[in-house]
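Everything in the sequence shown is counted per this note's numbering, starting at 375 for the first residue and increasing by one. What follows is a single structure, written as structure tokens, with notes after it.
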Amino acid sequence: MSTSSRPSRPLVAALVVVVAALGLWFMRRTPSTPVSSGPAASERAAATAPPARFADITTEAGLGGFVRLNGATGDKLLPETTGGGGAFVDVDNDGDLDVVLVNGRAWPWTKDAGAAPRSTVVLYTNDGTGHFTDTTAAAGLAVQRYGMGIAAGDFDNDGWTDLYITAVGQNVLLENVGGRFHDITASAGVAGRADQWSTCATWFDADSDGDLDLFVCNYVRWSRELDRAQEFSLAGVGRAYGPPRNFAGTAPLFFVNQGDGRFSERAAAAGLVVTDPVTKAPAAKSLGVALAHLDDNHCPDLVVANDTVRNYAFRNRCDGTFEEVGTTLGLAYDGYGNARSGMGIDIADVRDDGAPVVAIGNFANEMTAFFARQASGQFVDEAIASGIGAASRAHLTFGVLFVDYDLDGREDLLTVNGHVEDQIALVQKSQTHAQPAGLYWNAGPEAATTFVPVTDTGALATPIVGRGGAYGDIDGDGDLDLLLVPTTGAVRLLRNAVEPRRWFRLRLVGTTSPHDAVGAVVEVTSGGRTRRRIVSPTHGYLSQSDPALTFGLAEGETPETIRVTWPRGAVQTLSGVPLGQTTTITEAQ
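Structure follows, in structure tokens:
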């Protein structure tokens, strides 16, 4: 999340001033990124991105009362810069998407902390038209934590989506029983330790036994005392937020579902703990995770974005154990062998060639990573060649989402941006605390670059101190609306008003596989191309999007065949899917 060049403890006051004046803490190296070979840009046509028609409907939709708290009072403590997340999830099984928001809270040592506004997880229930009502208390979701992110999944296969909330301190598992939530953290054994700081999490069937397991990332070893001892400062400003490089690494949590409401923590036994080769201490500083299929088996793999240490790729052996192959695959570092400030992550087949692309948000002056898999199976960062590299340097990016905003059938890229330091403009004129979201239109394989920055983005252009982001169709009109969550302040709900397009949506239901089919692969053949998607709500940063798959269609295009590879390996093929609606595909027994 931050840079590598600031000293951990200045020896003299003058050194502090020099470092701050030069802006070394906030400014990373900006080398050009090597790109893979391909057709020369001069041989391909330039493209102009269509406008994005997003309108801010936060207040009129009923979400205007939510304000995220991060507890900041001037101490400049690192967790204040990293939350928070939100989710589009159907909690009441009425067929439309509700909104769950994760809040922070006042620090317990803060003066008059008991008088601070009470902050909890918040649920807004959708009436089906995109209007929401706060039903937090009635649903049993008024849970207090210094919250970070959320993971949604039906761990008990009863057809109701359960929620896992990550936090500074112990996490919480909320079982959904008929639309009302019950805290079963203690009995399930998934709290983690009180001295841990958990960030991203995802549900998936790691061992192909038909139920969902839970992978939870931790960030750094942190306490108020450790943070204050670092004495981070900016010249002319005073106390500043420090970099994670000055804190020790951690290990993730991996909770294996026992099938009876209880879980067993097996991160080390499963090969998911990466240690420093010298100290042998846990090395992860993780902020983002996404599911992928890195090989030809049906078992979902994990790619983890780390902050100031290398990224990880965990290849699933299909027996509940993993092999870390990030360096071998080319996902660990930038093109010069440097670790970057990895935050949010998303993975998609953006070129419809069967080769996944891994996008990772990074710090200001670092490009958003665009790792594209080559014919050799290795990944190369094609940020510059793809068209997102130069423009993305201007932002500090947390959330990254592949989302087809204009329903033309190609996955576009959204970035949710905002700096960590509220006084950054005093030492780095090119940066601001609040920043506009970035949007890159997928122009297709014939264009000079795959992605073209969108200059007319509607309400997306309004700067926020952005962190989490999610997408989902809140009003049933086919296009994908957006939820943007800041680290502090008001959330934003943006309605998409794209011109009418042809589309269809697929929702998968497992029978022998997990009920919500997380990890299933769907391949849709139409118009001479095959689009490949993975079923998962985990995209971006600390947030969850609609797990249903939305497919836009070009004029005259019709879906011909749909091939589903279920999480336990069964393959199912169908055709004749109707347009303009959601089709549920149930796993054949």
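Where a beta carbon is used, it is the ideal one built from N, C-alpha and C, also for glycine.
Note down, in chain order, each residue of its chain lying with its Cβ closer than 8 Å to the Cβ of residue i, except the 5 sequence neighbours on either side.
i      : result
Thr624 : Gln570, Trp571, Asn592, Tyr593, Val594, Arg595, Pro656, Ala658, Lys659, Ser660
Gln963 : Thr885, Thr886
Leu452 : Val594, Trp596, Asp601, Tyr615, Gly616, Pro618, Phe621
Arg879 : Asp847, Gly852, Ala922, Leu923, Thr924, Phe925, Gln955, Thr956, Thr957
Ala799 : Gln805, Thr806, His807
Asp723 : Ala729, Pro730, Val731, Glu785, Arg905, Arg906, Arg907
With DSSP collapsed to three states, give me the class of residue i.
i      : result
Asn620 : helix
Glu929 : coil
Leu703 : helix
Ser949 : coil
Leu834 : helix
Gly612 : strand
Thr935 : strand
Gly763 : helix
Pro827 : strand
Arg869 : strand
Glu897 : strand
Glu795 : coil
Ser561 : helix
Arg875 : coil
Ile848 : coil
Glu698 : strand
Pro941 : coil
Ala429 : strand
Asp601 : helix
Pro656 : strand
Ala421 : coil
Thr456 : coil
Leu800 : helix
Taking its Cβ as the centre, do 16 or more other Cβ atoms sit within 10 Å of residue i, making it buried, or is it exposed?
i      : result
Val945 : exposed
Trp483 : exposed
Val999 : With the chain represented from 375 up to 963, any question about residue 999 goes unanswered, as that position is not in the structure.
Gln955 : exposed
Asn467 : exposed
Pro933 : buried
Arg714 : buried
Val441 : exposed
His672 : buried
Pro730 : buried
Asp579 : buried
Gly654 : The sequence given here has Lys at residue 654, not Gly. Per the 10 Å Cβ criterion, exposed.
Asp853 : buried
Tyr710 : exposed
Leu511 : Note that residue 511 is Ala in the sequence shown, not Leu. The residue is exposed, with fewer than 16 neighbouring Cβ atoms inside 10 Å.
Pro874 : exposed
Glu434 : exposed
For residue i, which residues in the same chain have their Cβ closer than 6 Å to its Cβ, ignoring the five residues on either side in sequence?
i      : result
Leu547 : Tyr538, Ile558, Thr559, Ala562, Val564
Arg869 : Ala429, Ile431, Asp855
Ser416 : Because the pLDDT of Ser416 is 45, which lies under 50, any placement of that residue in the model is unreliable, and the question is left without a value.
Arg767 : Asn739, Met741
Gly832 : Ala426, Arg427, Phe428
Arg876 : Leu927, Leu953
How close, in whole Å, do the beta carbons of residue i and residue j come, if the pair is a contact with beta carbons under 8 Å?
i      : j      : result
Gly523 : Ser910 : In fact, because the Cβ distance is near 15 Å, the residues do not count as touching under 8 Å.
Gly704 : Phe745 : 7 Å
Val590 : Ala575 : 4 Å
Leu867 : Leu437 : 5 Å
Asp726 : Thr904 : 6 Å
Val777 : Leu788 : 6 Å
Phe555 : Leu588 : Not a contact, Cβ separation roughly 16 Å.
I'd like to confirm the pairing. Which residues does DSSP put opposite residue i in its beta bridges?
i      : result
Arg474 : The residue you asked about is not Arg; residue 474 is Val in the sequence shown. DSSP, once it has assigned bridges, lists Ala461, Leu497 as partnering Val474.
Val647 : Bridge partners of Val647: none, in fact.
Gln918 : Ala461, Thr912
Tyr814 : Leu787, Pro827
Ala575 : Val590
Ala625 : Looking at the DSSP assignment, Ala625 forms no beta bridge with any residue, so it has no partner.
Asn631 : Phe637
Gly842 : Val859
Ile734 : Ile719, Ala743
Phe555 : Asn550
Gly662 : Ala679
Asn690 : Phe696
Give me, in chain order, the residues of the same chain whose beta-carbon lies closer than 7 Å to that of residue i; leave out the 5 immediate sequence neighbours on both sides.
i      : result
Gly950 : none
Gly901 : Ala928, Glu931
Thr499 : Asp466, Asp472, Phe506, Thr507, Thr509
Gln752 : Leu703, Gly704
Pro837 : Thr806, Ala808, Gln809, Pro810
Pro819 : Arg725
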